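First up is the structure itself, then whatever we jot down about it.
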Amino acid sequence: MRTITNLFLVNLAISDLMLSMLCMPFSLVATTLLRNFIFEEAMCVKIIYFQAVSVGVSCYTLVAISLERYYAICEPLRSRRWQTLSHARRMLIGIWASVLTVMSPIAMFHRVIKIQTGGQACREVWPEILLRFKIDVMYSILLAVILLLLPLLTMGSFYSLVARKLWMVSTQMEAPSDTTSRERFIRQTPLLNERGESTQSMTLDENRTNHDPSSRKRVIRMLVVVVLQYFLCWAPLTLLNSWEAFDFRSVSLRGGCT
Numbered sequence: 013m014r015t016i017t018n019l020f021l022v023n024l025a026i027s028d029l030m031l032s033m034l035c036m037p038f039s040l041v042a043t044t045l046l047r048n049f050i051f052e053e054a055m056c057v058k059i060i061y062f063q064a065v066s067v068g069v070s071c072y073t074l075v076a077i078s079l080e081r082y083y084a085i086c087e088p089l090r091s092r093r094w095q096t097l098s099h100a101r102r103m104l105i106g107i108w109a110s111v112l113t114v115m116s117p118i119a120m121f122h123r124v125i126k127i128q129t130g131g132q133a134c135r136e137v138w139p140e141i142l143l144r145f146k147i148d149v150m151y152s153i154l155l156a157v158i159l160l161l162l163p164l165l166t167m168g169s170f171y172s173l174v175a176r177k178l179w180m181v182s183t184q185m186e187a188p189s190d191t192t193s194r195e196r197f198i199r200q201t202p203l204l205n206e207r208g209e210s211t212q213s214m215t216l217d218e219n220r221t222n223h224d225p226s227s228r229k230r231v232i233r234m235l236v237v238v239v240l241q242y243f244l245c246w247a248p249l250t251l252l253n254s255w256e257a258f259d260f261r262s263v264s265l266r267g268g269c270t
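Numbering follows the numbering used here, in which position 29 of the sequence shown is assigned residue number 41; successive positions increment by one, without gaps.
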């Protein structure tokens with residue numbers, strides 16, 4: 013179970029648990045049920061900050077998985093030299109350190125403020141000097157690029173190359189006419205299981221089964237679904253946050269807030 017892919021999946025689970033335990037219950041009570049932030053300002057900062065950190069860590073863990081899958085499938089010989097558990101741990105440490113740093117302005121500029129209804133809200137409050145130079149807008153655009161555009165392009169590129177490789181293998185598998193050339197092709201092609209993971213050793217019969225074109229086409233469909241699902245889940249929220257940075261009042265009025 014101590015594989016590189018599973019290490020990335022554990023990291024995804026940790027970020028999701030952090031979101032579920034530290035952010036969702038407080039957001040449900042304060043934003044949805046009471047429509048009044050009843051907690052202290054320290055909790056306001058923690059909720060928003062760790063929510064952003066969780067999203068960033070999940071996002072770039074998915075990017076790391078796409079990179080690992082690309083090298084395992086398209087560059088199997090090169091991947092064996094650097095794809096180790098220690099390297100994966102260093103990648104995850106780098107992801108956490110980078111995300112914690114990039115999201116730090118969210119912790120710095122969130123406050124509990126009074127709203128017109130008489131209650132309180134946890135809102136982003138930037139200093140006047142930064143607002144004058146549109147730093148808040150630029151930061152929102154930066155987050156949109158970091159959390160949506162860049163991961164989408166990266167995962168789309170890597171998975172497109174993986175899908176192309178799998179499709180070429182499926183096509184070449186159907187091409188050889190005689191049994192000898194077919195078995196030679198099977199031996200020379202990187203060994204993959206149905207999840208697209210490379211394997212170290214297989215019998216010829218097992219290898220022939222895993223080179224089944226229908227199996228590879230299922231992997232291609234799965235990769236397409238991963239990218240589309242990421243875009244459909246995160247694009248609305250990211251675009252809404254960017255819109256809010258440009259025109260907070262119109263977003264608030266459309267959402268029924270004051």
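By construction, the Cβ of each residue, glycine as well, lies at the ideal position given by its N, Cα and C atoms.
These numbers come from a predicted model, not from an experiment.
Just tell me which of S27, T44, R101 has its CA closest to the CA of F62.
If we check each option's Cα against that of F62, S27 comes out closest.
Taking P117 as the reference, give the member of A100, Q95, L142 with the closest Cα.
Relative to P117, the option among A100, Q95, L142 whose CA is nearest is L142.
Report yes if the CB atom of A109 is closer than 8 Å to the CB atom of F20, and no otherwise.
no
Are the stretch 73-88 and the stretch 28-47 in contact at 8 Å, needing three or more beta carbon pairs?
no
If we count Cβ pairs, one from each stretch, closer than 8 Å, do we get three or more for the stretch 233-253 versus the stretch 158-165?
yes
For K126, which three-state DSSP category applies?
Annotated three-state conformation of K126 is strand, per DSSP.
Less than 6 Å between C-beta atoms, sequence neighbours within five positions excluded: which residues of the same chain meet that for R123?
V137
In this structure, how does DSSP classify R135 when only helix, strand and coil are distinguished?
If DSSP states are grouped into helix, strand and coil, R135 belongs with the strands.
Residue range of the alpha helix (DSSP H) that N48 falls in?
Segment: none, N48 is in no alpha helix (DSSP H) and carries neither H nor E.
Around the Cβ of V65, are there at least 16 other Cβ atoms within 10 angstroms (buried) or fewer (exposed)?
buried
Would you kindly check if the distance between the Cβ of Y242 and the Cβ of L164 is under 8 Å?
Cβ distance < 8 Å, so L164 and Y242 count as in contact.
Using C-beta distances below 8 Å, list every residue in its chain close to V41, excluding the 5 sequence neighbours before and after it, in chain order.
I50
Is L235 closer than 8 Å to Y171 when the C-beta atoms are compared?
yes
Under a Cβ-count criterion, where at least 16 other Cβ atoms within 10 Å of its own Cβ denotes burial, should E80 be classed as buried or exposed?
It is buried - the Cβ of E80 has at least 16 other Cβ atoms within 10 Å.
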